[in-house]
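Novice: I'd like to ask you about the structure that follows.
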Amino acid sequence: AVWPLVALCCLGIVGLLIAGTIVLALIPIYLPQKAAAAVSSASRIIHRF
């Protein structure tokens, strides 16, 4: 009765690793957009004054 628990734990760890790699792969895609948006909004505020 121990093997189903071990299998579930292994599957959970593998799933977390896959989810972590996907998140880490997506971070560089989203960061430049947010950085560009922050720069554009800051430049708009600067140009108003």
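Residue numbers for the sequence shown follow UniProt numbering, beginning at 1 and rising by one. For each residue, glycine too, the CB sits at the ideal point set by N, CA and C.
1) If we ignore side chains and look at the alpha-carbon of each, how far apart do I27 and L8 end up?
2) Roughly how many whole angstroms lie between the Cα atoms of V14 and L5?
3) Roughly how many angstroms lie between the CA atoms of A19 and V2, to the nearest whole one?
Specialist: The answer reads as follows:
1) Near 28 Å, if we compare the C-alpha coordinates of L8 and I27.
2) 14 Å
3) 26 Å
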